[in-house]
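So the structure is just underneath, and the comments pick up after that.
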Amino acid sequence: MTENKNLNRFAEEVSRIIDQHITVDHIHPSTEGRFYYIQAPKSGAPMLLKHYRSPYFIDIHPDDFDEIASGKVSAHDYVTSANWMVGYYWGGGSMIGGGYYQPVDILGRKEEVRRYLRILSCRTHYHSSGYQPYEEECTECPVENCPFSKYKEGRWTDEMEEFDPRIEFFRALRARFQLEYPGYSLRGFLCGEHPDGEIRISPIGRYSKEESFSFVAYASSDIIRSLLMHETEPEDWNEYAKSFEFRIHKLLDNQTYAVNSENLEKAYEGMDFTKEEANTQPEDMNEEKVPFKERMMAFLKKVL
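The numbering used here puts the sequence shown at residues 69 to 372.
Written as structure tokens, this is what we have:
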């Protein structure tokens with residue numbers, strides 16, 4: 069990136085406030101977000117996040133980035149007027165746990181934010197690699213009464229709260245779904261680009277008779293962002309969950325379908341592998357009794 073004095077001022081000012089090193093290379097204009105973990109930042113609401121590979125970085129709306137770079141808006145004015153989102157980008161399999169952010173006044177709560185970010189750095193290193201600081205490192209760290217350290221006494225209840233509205237939302241959706249469609253459940257929660265009023269569900273392969281017939285639920289990315297930004301703060305999660313329409317969506321299918329008993333059964337066609345095993349595997353093909361080679365030959369005869 070070509071050096072830009074305005075962006076340098078922006079990076080330097082944020083670095084001073086949070087007491088973490090932010091470089092211009094770690095300021096990213098973004099319109100797509102980071103998979104389903106982190107949604108695209110809105111204008112005026114930059115995201116200060118800890119990356120699972122170590123650095124702190126900023127995702128910012130391209131319009132904001134351009135205004136700062138051009139000098140149309142001063143770095144100081146932007147930093148002090150922005151609605152900052154603070155959190156982490158850890159990745160992994162799930163949306164909940166893989167990414168998180170919440171609105172935080174980084175100026176009014178400066179010392180609290182600095183403490184939070186120092187502890188978050190250690191949490192991130194542990195999450196990514198299992199590494200925890202040695203006693204000497206903890207002794208040199210300025211964070212007192214750190215709840216993450218094995219060598220200091222601290223309580224998580226005394227730290228900045230990480231309330232996650234997605235959890236409450238999913239619980240309410242699952243409770244409603246199980247009540248309306250007995251025998252089926254929701255397992256897994258992601259987000260995607262589809263109408264805000266829909267919760268799309270996709271069937272999960274069933275490999276054990278002990279497992280329920282379950283679906284992954286997909287909310288709109290805009291809905292998830294609105295919840296995490298606290299733009300939407302439902303007083304009653306069950307009532308909020310009722311405002312959405314469930315729609316069935318199978319992978320590689322461009323269509324969505326209404327949720328009813330008939331369509332739920334159709335959605336699971338080819339996904340209940342316990343049923344296929346029961347229908348296609350002869351009784352004498354017990355794995356403990358029949359050698360692998362013979363079982364493989366029998367399988368090839370079926371499919372060829």
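From the three backbone atoms N, C-alpha and C, an ideal C-beta is built for every residue, glycine too.
When the Cα of A143 is compared with those of P250, R84 and Q323, which residue comes out closest?
Reading the sequence shown from its first residue, position 75 is the one you call residue 143. Looking at the Cα atoms, R84 is the closest of the given residues.
If we call anything under 7 Å between Cβ atoms a contact, is L296 one with Y169?
The residue labelled residue 296 in the question sits at position 228 within the sequence shown. The residue labelled residue 169 in the question sits at position 101 within the sequence shown. Yes, the pair counts as a contact, with Cβ atoms nearer than the cut-off.
Have a look at L319 and P271 and give me their C-alpha separation to the nearest angstrom.
Along the sequence shown, read from residue 1 onward, the residue named residue 319 stands at position 251. Along the sequence shown, read from residue 1 onward, the residue named residue 271 stands at position 203. When rounded, the distance between both Cα atoms is 9 Å.
Alpha carbon to alpha carbon, how far is D321 from A285?
Here residue 321 corresponds to residue number 253 of the sequence shown, with the count starting at 1. Here residue 285 corresponds to residue number 217 of the sequence shown, with the count starting at 1. Rounded to whole angstroms, D321 to A285 spans 16 Å at the Cα level.
Mapping DSSP to helix, strand and coil, what is S280?
Numbered from 1 along the sequence shown, position 212 holds the residue referred to as residue 280. If DSSP states are grouped into helix, strand and coil, S280 belongs with coil.
R255, enclosing beta strand (DSSP E) - first and last residue
Here residue 255 is taken as the residue at index 187 of the sequence shown, counted from 1. Run containing R255: Y252 to G260, per the beta strand (DSSP E) assignment.
Spatial neighbours of Y199 within its chain, please: CB distance less than 8 Å, with the 5 preceding and 5 following residues excluded, ordered by chain position.
Your numbering for residue 199 matches position 131 in the sequence shown. Taken in chain order, the residues that qualify are H193.
To the nearest angstrom, report how far apart N76 and K310 are at their CA atoms.
In the sequence shown, counting from the first residue as 1, residue 76 sits at position 8. In the sequence shown, counting from the first residue as 1, residue 310 sits at position 242. Distance between the alpha carbons of N76 and K310: 47 Å.
Any 3 or more C-beta pairs closer than 8 Å across the segment 202-216 and the segment 107-115:
no
Skipping 5 residues on each side, what residues in its chain have a beta carbon closer than 8 Å to that of N306?
Translated into the one-based positions of the sequence shown, residue 306 becomes position 238. Counting only Cβ-Cβ distances below 8 Å, and skipping sequence neighbours, we find A240, A243 and R244.
One question on the structure: do R315 and R268 come within less than 7 Å of each other, judged by their Cβ atoms?
The count along the sequence shown starts at 1 and reaches residue 315 at position 247. The count along the sequence shown starts at 1 and reaches residue 268 at position 200. Their beta carbons are under 7 Å apart, which means R315 touches R268 by this criterion.
Given E356, which residues of its chain have a CB within under 6 Å of its CB, disregarding the five upstream and five downstream residues?
On the sequence shown, residue 356 is found 288 positions in, with the first residue counted as 1. Low local confidence applies: a pLDDT of 48 at E356 is under 50, so the model's placement there is unreliable, with the coordinate-based value given in what follows. Excluding sequence neighbours, E356 sits near nothing in its chain.
Sort F281, H262 and R177 by Cα distance to P385 and report the nearest one.
Coverage of the chain is limited to positions 69 through 372, which leaves residue 385 absent and any answer about it impossible.
Where I164 falls: helix, strand or coil (DSSP)
If you number the sequence shown from 1, residue 164 lands on position 96. I164 falls in the helix class under three-state DSSP.
Out of A287, V181 and I291, which has the shortest C-alpha to C-alpha gap to H317?
Taking the sequence shown and counting its residues from 1, one reaches residue 317 at position 249. Among A287, V181 and I291, the Cα nearest to that of H317 belongs to A287.
Whose CA, out of R186, Y308, E248 and R223, lies closest to the CA of C206?
Taking the sequence shown and counting its residues from 1, the one referred to as residue 206 is at position 138. Of the listed residues, the one whose Cα sits closest to C206 is R186.
Please report the straight-line C-alpha distance between H96 and I90, rounded to a whole angstrom.
Here residue 96 refers to the residue found at position 28 of the sequence shown. Here residue 90 refers to the residue found at position 22 of the sequence shown. Taking the straight line joining both Cα atoms gives about 11 Å.
Can the beta-carbon of K118 be found less than 7 Å from the beta-carbon of Y146?
What you label residue 118 is simply residue 50 of the sequence shown in a count that begins at 1. What you label residue 146 is simply residue 78 of the sequence shown in a count that begins at 1. No. Outside cutoff.
In three-state DSSP terms, what is N113?
Position 45 of the sequence shown, counted from the first residue, corresponds to residue 113. Checking the sequence shown, residue 113 turns out to be Ala, not Asn. Of the three classes helix, strand and coil, the one that applies to A113 here is strand, per DSSP.
Rounded to whole angstroms, how far is the Cβ of H94 from the Cβ of F125, which I believe are closer than 8 Å?
What you label residue 94 is simply residue 26 of the sequence shown in a count that begins at 1. What you label residue 125 is simply residue 57 of the sequence shown in a count that begins at 1. Going by Cβ atoms, the distance from H94 to F125 rounds to 4 Å, so yes, they are a contact pair.
Looking only at its own chain, which residues have a Cβ that is under 8 Å from the Cβ of P215, when we skip the five neighbours before and after it?
Counting from one through the sequence shown, the residue named residue 215 turns up at place 147. Closer than 8 Å at Cβ, skipping near neighbours: I187, G222, R223, W224, D226 and E227.
Whole angstroms is fine: what's the gap from G167's alpha carbon to R183's?
What you label residue 167 is simply residue 99 of the sequence shown in a count that begins at 1. What you label residue 183 is simply residue 115 of the sequence shown in a count that begins at 1. Going by the C-alpha atoms only, they are around 20 Å apart.
Mapping the DSSP letters down to three states, classify D132 as helix, strand or coil.
Your numbering for residue 132 matches position 64 in the sequence shown. Reduced to three states, the DSSP call for D132 is helix.
A346 to A108 span [Cα, whole Å]
Here the question's residue 346 lines up with position 278 in the sequence shown. Here the question's residue 108 lines up with position 40 in the sequence shown. For A346, the predicted structure reports a pLDDT of 47, less than 50, and the residue's modelled location is therefore unreliable. A value from the coordinates is still provided. The straight-line gap from Cα to Cα measures roughly 46 Å.
Going by the CB atoms, is the gap between R274 and D340 shorter than 7 Å?
On the sequence shown, residue 340 is found 272 positions in, with the first residue counted as 1. On the sequence shown, residue 274 is found 206 positions in, with the first residue counted as 1. Against a cut-off of 7 Å, the Cβ pair of R274 and D340 comes out as a contact.
For the beta strand (DSSP E) containing V327, name the first residue and the last one.
Counting from 1 along the sequence shown, the entry for residue 327 is found at position 259. Looking at the DSSP string, V327 is not in any beta strand (DSSP E), and its letter there is neither H nor E.
Starting from P271, trace the beta strand (DSSP E) both ways and give me its first and last residue.
Stepping through the sequence shown from its first residue, residue 271 is reached at position 203. That run of the beta strand (DSSP E) goes E266 to P271.
Rounded C-alpha distance that separates N151 from P171:
Locating residue 151 in the sequence shown gives position 83, where the first residue counts as 1. Locating residue 171 in the sequence shown gives position 103, where the first residue counts as 1. Taking the straight line from one Cα to the other gives about 7 Å.
Which whole-angstrom value describes the C-beta separation of Y260 and Y104, a residue pair presumed to lie in contact below a C-beta threshold of 8 Å?
The residue you call residue 260 lines up with position 192 of the sequence shown. The residue you call residue 104 lines up with position 36 of the sequence shown. The sequence shown places Gly at residue 260, rather than the Tyr named in the question. Rounded, the Cβ-Cβ distance is 7 Å, consistent with contact.
DSSP on V172, reduced to helix/strand/coil?
In the sequence shown, residue 172 corresponds to position 104, counting from 1. Coil, per DSSP.
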